[in-house]
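Notes for the one structure printed next.
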Amino acid sequence: GAVVSQHPSWVICKSGTSVKIECRSLDFQATTMFWYRQFPKQSLMLMATSNEGSKATYEQGVEKDKFLINHASLTLSTLTVTSAHPEDSSFYICSAARSSQPQHFGDGTRLSIL
Amino acid sequence: EDKVVQSPLSLVVHEGDTVTLNCSYEVTNFRSLLWYKQEKKAPTFLFMLTSSGIEKKSGRLSSILDKKELFSILNITATQTGDSAIYLCATNSGGSNYKLTFGKGTLLTVNP
Chain A
1 GAVVSQHPSW VICKSGTSVK IECRSLDFQA TTMFWYRQFP KQSLMLMATS NEGSKATYEQ
61 GVEKDKFLIN HASLTLSTLT VTSAHPEDSS FYICSAARSS QPQHFGDGTR LSIL
Chain B
115 EDKVVQSPLS LVVHEGDTVT LNCSYEVTNF RSLLWYKQEK KAPTFLFMLT SSGIEKKSGR
175 LSSILDKKEL FSILNITATQ TGDSAIYLCA TNSGGSNYKL TFGKGTLLTV NP
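Here it is in structure tokens:
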């Protein structure tokens with residue numbers, strides 16, 4: 001149980017385009033979903049927390065207009081990186097949790113902006 | 115600001131060795147401490163600890179929490195090359211959104 005699917009796993013695109021990443025909890029309803037960014041050899045950095053049906057809560061320093069989060073249902077959240085630039089290249093990971101239960105992570109999306 | 119410190123940052127052992135990974139924390143409104151294993155992709159859940167002194171065990175892995183001294187350890191016995199990974203410790207400090215604060219991780223390399 002507690003399977004989280006993230007798609008796509010890898011994307012390469014040109015500078016200036018927008019990229020959407022999907023995160024789905026496959027076998028449970030997630031009250032909260034989280035989006036992280038991870039740089040090489042570093043730990044996970046929380047970007048934002050998303051609750052179904054409400055606006056995401058962004059961490060300090062994360063631009064909400066740059067990283068759009070939509071949490072349309074209890075099983076789906078999306079992160080859109082708008083007008084992506086090379087400095088946005090990174091490993092993005094989502095996680096989902098039901099109430100106080102442990103967060104379970106998707107397999108991550110490796111984003112490369114040329 | 116919540117703080118989670120893991121040590122060592124990296125460790126190289128031989129198959130069959132036993133390793134102990136450390137995690138100390140300074141957290142307001144502590145709720146739980148979690149251990150994850152990260153290989154090439156995203157972290158996989160190992161343990162969640164909420165009470166002091168109660169060991170959690172899964173196969174060759176075990177973990178325990180000390181809420182008085184504010185630390186946790188993760189033990190791996192009879193290590194195998196498949197145990198090579200980054201081990202992440204994280205704390206949940208309450209609030210309505212259950213967000214985690216992660217340590218920097220311990221990179222474990224198990225050589226044959």
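Protein chains in written order, with the numbering used here: chain A, 1 to 114; chain B, 115 to 226. Note that beta-carbon positions come from the ideal geometry of N, C-alpha and C, so glycine has one too.
Whether or not the stretch 24-35 of chain A and the stretch 88-102 of chain A are in contact is what I'm after, with contact meaning three or more pairs of Cβ atoms, one per stretch, closer than 8 Å; do they touch? With a cut-off of 8 Å, the stretch 24-35 of chain A and the stretch 88-102 of chain A count as touching, because enough Cβ pairs lie within range.
Helix, strand or coil: how does DSSP classify T195 (chain B) here? In the structure shown, T195 (chain B) sits in a helix (DSSP, three-state: H, G or I).
I want to know whether the stretch 183-196 of chain B touches the stretch 124-143 of chain B - three or more CB-CB distances under 8 Å. At 8 Å Cβ cutoff, the stretches touch.
Pick from B:A156, B:T220 and B:K213: whose alpha carbon is nearest that of L46 (chain A)? B:K213
Rounded C-beta distance between R174 (chain B) and I200 (chain B)? I'm assuming under 8 Å. Between I200 (chain B) and R174 (chain B) the Cβ distance is about 18 Å, and since that is not below 8 Å, they are no contact.
Mapping DSSP to helix, strand and coil, what is E87 (chain A)? helix
According to DSSP, L114 (chain A) sits in a beta bridge with which residue or residues? Note: L114 (chain A) sits in no beta bridge, so no partner.
Reference D116 (chain B); option with closest CA among B:N225, B:A204 and B:D131: B:A204
Rounded to whole angstroms, what's the CA-CA distance from N206 (chain B) to L79 (chain A)? Just pull it up for me. Between the alpha carbons of N206 (chain B) and L79 (chain A) lies a gap of roughly 23 Å.
For S176 (chain B) and I168 (chain B), the rounded distance between their alpha carbons: 10 Å
Determine the DSSP secondary structure at I168 (chain B), reduced to helix, strand or coil. coil
Cβ of L202 (chain B) within 8 Å of any chain A Cβ: At least one chain A Cβ lies under 8 Å of L202 (chain B).
For S50 (chain A), is the classification buried or exposed, using 16 other Cβ atoms within 10 angstroms of its Cβ as the cut-off for buried? buried
Residues of chain A with a CB under 7 Å from the CB of L148 (chain B): which are they? P102
Residue from B:V118, B:V127 and B:W149 whose Cα sits closest to the Cα of V224 (chain B): When only C-alpha atoms are compared, the closest one is B:V127.
R37 (chain A) - DSSP class collapsed to helix/strand/coil: strand
By alpha-carbon positions, which one of A:H71, A:Q60, A:G61 and A:K66 ends up nearest to S54 (chain A)? A:H71
Consider the Cβ of G219 (chain B): report whether some Cβ of chain A lies at a distance smaller than 8 Å. By this cut-off, G219 (chain B) is an interface position.
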